[in-house]
Amino acid sequence: MLVFIDESGIHKEMEHSTFVLVYIETENYGEIEKRILAVENQLKIDYFHWAKAVWKVKEKFMDAVLGLDFKVKIAIIKNPINPAQELERVLIHMVVERNIRNIYIDGKKPKWYERKIKKILRDKGISVRKLRTVKSSQYAGIRLADMVAGLSRSYFDKRNLERISNYYQRLKKKIIVIIE
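Under the numbering used here, read the sequence shown as residues -2 to 177, first letter to last.
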């Protein structure tokens, strides 16, 4: 199993932040990656990023990837937050599986952030060598996590509900856990 972690809105002073863990079974990752790359190619974008995409691109991307086989765990936290504290609090409850092959975290993080995550993983008996911070352009799974984080935060912030609700309802079928 591969795990991709992304967060959204952690810098905001109001509304919600999301921490998203996207779980992808190892056997399916190649197919998921191929499908995401094909969609991005079809949309004529280098790679998908929720905050940078216009609504039409978001819709087409969500239509394509919400049909893929993956599971999601989401933590919704009311802003303002301390990202380090909240990440530690939610990861303890979210990373419970033992068959994790690798964990990928979006973006270059400060050393304290990585150390905090590694401590949580060690406490859970998961090898810290499995943790990698990566750029969104490197892994399709990170872009999938970014889409889930952006969609979830928009839904809980009640932004564009007439557009978002249908997609969030489709996403709900893939959600294993929501921590609020």
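Beta carbons are placed, not taken as given, at the ideal position from N, Cα and C, and that holds for glycine. Quick caveat, the model's predicted, so the values are computed rather than measured.
- Query: Would you report the Cα separation of Gln39 and Ala61, rounded to the nearest angstrom?
  - Reply: What you label residue 39 is simply residue 42 of the sequence shown in a count that begins at 1. What you label residue 61 is simply residue 64 of the sequence shown in a count that begins at 1. Taking the straight line joining both Cα atoms gives about 11 Å.
- First and last residue of the uninterrupted alpha helix (DSSP H) at Ala48: Here residue 48 refers to the residue found at position 51 of the sequence shown. Taken as a continuous stretch (DSSP letters only), Ala48 belongs to no alpha helix (DSSP H), as it is neither H nor E.
- Go through its chain and collect everything with a Cβ distance to Ser5's Cβ below 6 Å, but skip five positions before and after it. Looking up residue 5 in the sequence shown gives position 8. Cβ neighbours of Ser5 beyond the five flanking positions: Thr15, Ala146, Gly147, Arg150.
- Local conformation of Glu4 per DSSP, three classes: By 1-based counting over the sequence shown, the position of residue 4 is 7. In the structure shown, Glu4 sits in a strand (DSSP, three-state: E or B).
- Task: Enumerate, from N- to C-terminal direction, the unbroken alpha helix (DSSP H) stretches of 4 or more residues contained entirely within the stretch 73 to 142.
- Result: 80 to 91, 108 to 120
- CA-to-CA distance, Thr130 to Asp143, given in whole angstroms: In the sequence shown, the residue the question calls residue 143 occupies position 146. In the sequence shown, the residue the question calls residue 130 occupies position 133. For Asp143 and Thr130, the distance between alpha carbons rounds to 14 Å.
- Task: Please determine, among Arg140, Lys169, Gly138, the residue with the shortest C-alpha to C-alpha distance to Phe153.
- Result: For this step, residue 153 is matched to residue 156 along the sequence shown. Among Arg140, Lys169, Gly138, the Cα nearest to that of Phe153 belongs to Lys169.
- Query: When DSSP labels each residue in this structure, what does Lys68 get in the three-state scheme?
  - Reply: Your numbering for residue 68 matches position 71 in the sequence shown. Here Lys68 sits in strand by DSSP.
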